[in-house]
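>
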Amino acid sequence: MRRFLARSALVLALAVGAGASAVPEDEAVLPQGSEWRFAHAAAAGASWREPGFDDSAWAAGAAPFGFGYEGVATGLGGERGRTPAAWCFRTRFRVDSLEGVRSFSLKVGFEDGVAVHLNGGLALLRNLPEGAGPRALATARRRWGSRGDVEAWGLPASLLREGENVLAAEMHLRERGPESARFDLGLRLHRKVNVVAGPWVMDVGPAHALVRWETDLPLEEAMVRFSPDGGGEGRQALGACDAETGRVHGARLVGLEPGRRYRYAVEGAPEGSFATPPPPGEGTVRIAAYGDSRSGVEAHGRVARRLAAERPDFVVHTGDLVVDGRDADTWAPELFAPAAPLLGTAAFLPALGNHERDAPAFYRYFREGTVPWRSLDLGPVHLVLLDSDRPLTPGSEQLDWLRSDLVAAGAAPWRVAAFHHPPFTSGRYAPPDPFATVIAEHVVPVLEEGGVRLVFLGHDHFYEHSVKDGVDYVITAGGGAPLYDRLNENPYSSRWEKAYHGCVVDATAEGLRVRVIEAETGEVLDEFERGIPAAAPLPRRAH
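Note that numbering that gives the first Met the number 0 numbers the sequence shown so that position 412 is 411, with each residue one more than the last.
#1: Could you give the C-beta distance for Val192 and Leu209, rounded to a whole number, given that I count them as a contact under 8 Å?
#2: Which value, in whole angstroms, describes the spacing of the CA atoms of Leu446 and Leu391?
#3: Buried or exposed, going by whether 16 or more other CB atoms sit within 10 Å of the CB of Gly76?
#4: State yes or no: is the C-beta of Ala288 within less than 7 Å of the C-beta of Val315?
#5: Report back the beta-carbon spacing between Pro269 and Ala303 to the nearest angstrom; my notes put them in contact at under 8 Å.
#6: Which term fits Pro481, buried or exposed, when burial requires 16 or more other beta carbons within 10 angstroms of its beta carbon?
#7: Can you say whether Ala407 is buried or exposed, counting buried as having 16 or more other CB atoms within 10 angstroms of its CB?
#8: From Val321 to Glu355, what distance separates their C-alpha atoms?
#9: Would you kindly report the start and end of the unbroken alpha helix (DSSP H) that includes Pro340?
#10: Would the region 225-236 count as touching the region 174-194 if we require 3 or more Cβ pairs under 8 Å?
#11: Name the DSSP beta bridge partners of Pro349, please?
#12: Three-state secondary structure (DSSP) at Gln397?
#13: If you draw a straight line from the alpha carbon of Pro133 to that of Ala122, how long is it in whole angstroms?
#14: Using the three-state DSSP reduction, which class does Lys261 fall into: helix, strand or coil?
#15: From Ala498 to Gly477, what does the alpha carbon distance come to, in whole angstroms?
#16: To which residues does DSSP link Lys467 through a beta bridge?
#17: Are there 16 or more other CB atoms within 10 angstroms of the CB of Thr520, so buried, or fewer, so exposed?
#18: I'd like to check one pair, Tyr428 with His458: are the Cβ atoms closer than 7 Å?
#19: I'd like to check one pair, Glu169 with Ala114: are the Cβ atoms closer than 7 Å?
#20: Starting from Gly501, follow its DSSP beta bridges and name the residues at the other end.
#21: Does His354 come out as helix, strand or coil in the three-state DSSP assignment?
#22: Under a three-way DSSP split, which group does Tyr428 fall into?
#23: Using DSSP bridges, identify the partner residues of Lys106.
#24: Do Val200 and Glu213 have their CB atoms nearer than 7 Å?
#25: Could you give the first and the last residue of the continuous beta strand (DSSP E) run that contains Thr90?
#26: Can you name the residues that DSSP bridges to Thr73?
#27: Check each candidate in His460, Asp468, His441 and Phe461 and name the one with the smallest Cα separation from Leu453.
#28: For Val503, which residues in the same chain have their Cβ closer than 6 Å to its Cβ, ignoring the five residues on either side in sequence?
#29: Phe313 and Ala264: beta carbons closer than 7 Å?
#30: Which class does Ala360 belong to by DSSP, given the choice of helix, strand or coil?
#31: Start and end of the beta strand (DSSP E) containing Ala416?
#32: Roughly how many angstroms separate the alpha carbons of Gly530 and Leu511, rounded to a whole number?
#33: If you follow the beta strand (DSSP E) that Val565 is part of, which residue opens it and which one closes it?
#34: Run the CB neighbour count on Arg190, radius 10 Å, all protein chains shown included, and call it buried at 16 or more, exposed below.
#35: Does the beta-carbon of Ala543 have 16 or more other beta-carbons within 10 angstroms, so that it is buried, or is it exposed?
#36: Less than 7 Å separating the beta-carbons of Arg91 and Asp111?
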């Protein structure tokens with residue numbers, strides 16, 4: 000239990016039961032303003048948290064309790080300098096049926112620290128050590144008047160019982176003799192779980208795929224149903240939640256066929272699809288690429304819809320997916336909502352940008368483990384995703400890995416890289432920008448020696464195509480963030496456009512075509528081909 004209570008989000012759930020229920024999906028079994036028994040903590044007794052404790056000698060009253068605020072229903076009394084440090088509260092409520100209950104939530108008004116025990120189990124802890132004694136002070140100050148109630152969602156339904164339940168709560172102040180105090184608590188049951196992000200495919204190979212999604216309430220496990228597109232045997236894969244939040248789920252689908260599209264669904268979300276790549280070095284793939292979407296939700300949505308209409312097999316993002324990756328509340332509205340048309344139809348393969356701030360959320364959503372760089376074989380394309388915010392100088396772990404990875408990719412006709420900071424640009428981040436300088440001096444030679452022919456980049460918010468020593472460097476950073484002007488002369492530039500856009504790559508073992516598409520009109524801003532004679536164009540797929 001301890002590992003969940005440490006989370007700032009205060010969310011946890013354990014699935015109990017399944018299927019439809021005749022009772023409301025969201026049921027208030029203990030409204031705020033209910034009746035409680037209460038006592039000073041020093042007079043409460045040693046076993047007051049236990050369900051069988053006799054609290055009949057305690058005072059009784061209706062919440063909210065406190066002093067120093069308007070609207071207090073029951074005063075706690077006390078004089079400044081002599082008020083006790085803590086109070087204890089107990090109440091009972093009934094749950095007629097636990098059928099289909101997935102979790103419960105608490106809405107608590109308090110200051111400064113609180114612990115809530117349900118049927119003897121610890122359900123909520125804030126600003127207090129576990130097992131705090133009657134004279135313990137809260138570890139931090141929290142004033143109700145400025146911050147309102149705390150809502151703790153998705154607490155473990157396993158703590159509930161059918162029939163009578165007992166809540167025991169304690170409130171500890173940061174100091175003795177304060178000017179104000181307040182306590183109230185409500186409890187609701189939840190029988191429905193909603194998907195708030197995704198689902199999406201974050202890893203894919205010829206015979207496997209990893210599906211992830213996020214729910215508003217945590218789950219211990221969840222299920223993905225999947226089947227081949229166009230008909231075939233349906234199967235299921237069990238998903239597991241991440242240990243930190245309990246809300247991000249991942250299910251690995253195995254036994255897939257290469258070069259085939261599959262449909263899949265999770266509870267509470269529309270059906271999605273993805274394509275497995277052909278065997279390494281074979282077949283035809285379509286890859287969409289764009290970047291720097293950040294908080295430009297409307298423009299990002301246009302880019303995503305335009306690229307989704309091209310029916311890509313895989314989507315590469317060059318970083319800056321959100322404006323601040325440390326803010327957990329930005330990911331759903333800034334990335335997952337506007338990118339939904341793409342997430343639902345293709346594997347999503349992002350590089351890490353500087354605005355992600357290397358936040359834990361990026362790894363929960365898009366990586367297995369804590370290493371931000373990776374590579375994938377997508378049929379004729381060997382794709383490398385780097386983190387250009389981390390060291391890329393000689394002797395660095397990432398640059399050594401890149402060199403080794405490109406050597407090991409010997410069978411791939413095309414080597415393609417994607418990362419955030421450009422080495423060549425007509426924008427504000429040209430050398431002597433330190434990132435551009437390091438990449439131009441140390442990464443570009445490794446890419447050239449390793450046979451990389453195409454590099455997707457971001458950071459300067461426009462489109463620019465540069466060519467140096469036979470390698471195409473494409474800045475595709477018109478994904479939604481404010482667009483930038485051209486500020487300097489890039490000696491390798493062959494095309495520059497200030498526009499919201501995305502790129503579409505068609506690749507076979509014989510050749511590669513890149514089209515750059517303006518988001519609003521669908522105009523092709525740029526197009527180039529590599530690896531085949533002009534007389535033998537690549538086959539064009541139906542959009």
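C-beta: ideal position from N, C-alpha, C; glycine also.
According to the data block:
#1: Here residue 192 refers to the residue found at position 193 when the sequence shown is read from its first residue. Here residue 209 refers to the residue found at position 210 when the sequence shown is read from its first residue. With a Cβ gap of about 20 Å, Val192 and Leu209 do not count as contacting.
#2: Start at 1 with the first residue of the sequence shown, and residue 446 comes out as number 447. Start at 1 with the first residue of the sequence shown, and residue 391 comes out as number 392. C-alpha separation (whole angstroms): 12 Å.
#3: Counted from its first residue, the sequence shown places residue 76 at position 77. With fewer than 16 other Cβ atoms within 10 Å, it is exposed.
#4: The residue labelled residue 288 in the question sits at position 289 within the sequence shown. The residue labelled residue 315 in the question sits at position 316 within the sequence shown. It is a contact, given that the beta carbons lie within the stated cut-off.
#5: Within the sequence shown, the letter at position 270 stands for residue 269. Within the sequence shown, the letter at position 304 stands for residue 303. No, Pro269 and Ala303 are not in contact; Cβ-Cβ is about 15 Å, not under 8 Å.
#6: For this step, residue 481 is matched to residue 482 along the sequence shown. Looking at its Cβ environment, which holds fewer than 16 other Cβ atoms inside 10 Å, Pro481 is exposed.
#7: Along the sequence shown, one-based indexing puts residue 407 at 408. Result: exposed.
#8: In the sequence shown, residue 321 corresponds to position 322, counting from 1. In the sequence shown, residue 355 corresponds to position 356, counting from 1. Rounded to the nearest angstrom, the two C-alpha atoms are 7 Å apart.
#9: On the sequence shown, residue 340 is found 341 positions in, with the first residue counted as 1. Note, Pro340: alpha helix (DSSP H), Ala339 to Leu342.
#10: No, the region 225-236 does not touch the region 174-194.
#11: Stepping through the sequence shown from its first residue, residue 349 is reached at position 350. Looking at the DSSP output, Pro349 sits in a beta bridge with His316.
#12: As a working note, residue 397 is residue 398 in the sequence shown. Three-state DSSP puts Gln397 in a helix.
#13: As a position in the sequence shown, residue 133 is number 134, starting the count at 1. As a position in the sequence shown, residue 122 is number 123, starting the count at 1. Going by the C-alpha atoms only, they are around 19 Å apart.
#14: Within the sequence shown, the letter at position 262 stands for residue 261. A quick correction: the sequence has Tyr, not Lys, at residue 261. Tyr261: strand per DSSP, three-state reduction.
#15: Taking the sequence shown and counting its residues from 1, the one referred to as residue 498 is at position 499. Taking the sequence shown and counting its residues from 1, the one referred to as residue 477 is at position 478. Using only the alpha carbons, I get a separation of about 6 Å.
#16: Along the sequence shown, read from residue 1 onward, the residue named residue 467 stands at position 468. Paired residue(s): Val470.
#17: The residue you call residue 520 lines up with position 521 of the sequence shown. A residue is called buried once 16 or more other Cβ atoms fall within 10 Å of its Cβ, and Thr520, having fewer, is exposed.
#18: The count along the sequence shown starts at 1 and reaches residue 458 at position 459. The count along the sequence shown starts at 1 and reaches residue 428 at position 429. His458 is a Cβ neighbour of Tyr428, given a cutoff of 7 Å.
#19: Taking the sequence shown and counting its residues from 1, one reaches residue 114 at position 115. Taking the sequence shown and counting its residues from 1, one reaches residue 169 at position 170. Yes; because the gap between Cβ atoms is below 7 Å, this pair is in contact.
#20: Locating residue 501 in the sequence shown gives position 502, counting from the first residue. Gly501 pairs with Ile516.
#21: Within the sequence shown, residue 354 is the residue found at index 355, counting from 1. Residue state, collapsed to three classes: helix.
#22: In the sequence shown, the residue the question calls residue 428 occupies position 429. The answer is coil: DSSP assigns Tyr428 none of H, G, I, E or B.
#23: Stepping through the sequence shown from its first residue, residue 106 is reached at position 107. Beta-bridge pairing links Lys106 to Glu150 and Gly185.
#24: Residue 200 sits at position 201 when you count from the first residue of the sequence shown. Residue 213 sits at position 214 when you count from the first residue of the sequence shown. A distance of 7 Å or more separates the beta carbons of Val200 and Glu213.
#25: By one-based count along the sequence shown, residue 90 stands at place 91. Taken as a continuous stretch (DSSP letters only), the beta strand (DSSP E) holding Thr90 covers Ala85 to Val94.
#26: Here residue 73 is taken as the residue at index 74 of the sequence shown, counted from 1. The partner list for Thr73 (beta bridge, DSSP) reads Phe64.
#27: As a working mapping, residue 453 is identified with position 454 in the sequence shown. For Leu453, the closest C-alpha among the options His460, Asp468, His441 and Phe461 is that of Asp468.
#28: As a first step, residue 503 must be located in the sequence shown, where it is residue number 504. Hits under 6 Å: Ala287, Glu309 and Arg514.
#29: The residue you call residue 313 lines up with position 314 of the sequence shown. The residue you call residue 264 lines up with position 265 of the sequence shown. No, they are not a contact pair.
#30: Here residue 360 refers to the residue found at position 361 of the sequence shown. Looking at Ala360 - three-state DSSP - the assignment turns out to be helix.
#31: The residue given as residue 416 occupies position 417 in the sequence shown. Trp413 to Ala417 is the extent of the beta strand (DSSP E) around Ala416.
#32: Reading the sequence shown from its first residue, position 531 is the one you call residue 530. Reading the sequence shown from its first residue, position 512 is the one you call residue 511. Rounded to the nearest whole angstrom, the CA to CA distance from Gly530 to Leu511 is 6 Å.
#33: In this structure the chain extends from 0 to 542, so residue 565 is not present and cannot be described.
#34: The count along the sequence shown starts at 1 and reaches residue 190 at position 191. Result: buried.
#35: It is not possible to answer for residue 543, since the shown part of the chain is limited to 0 through 542.
#36: Taking the first residue of the sequence shown as position 1, residue 91 is located at position 92. Taking the first residue of the sequence shown as position 1, residue 111 is located at position 112. Cβ atoms of Arg91 and Asp111: not closer than 7 Å.
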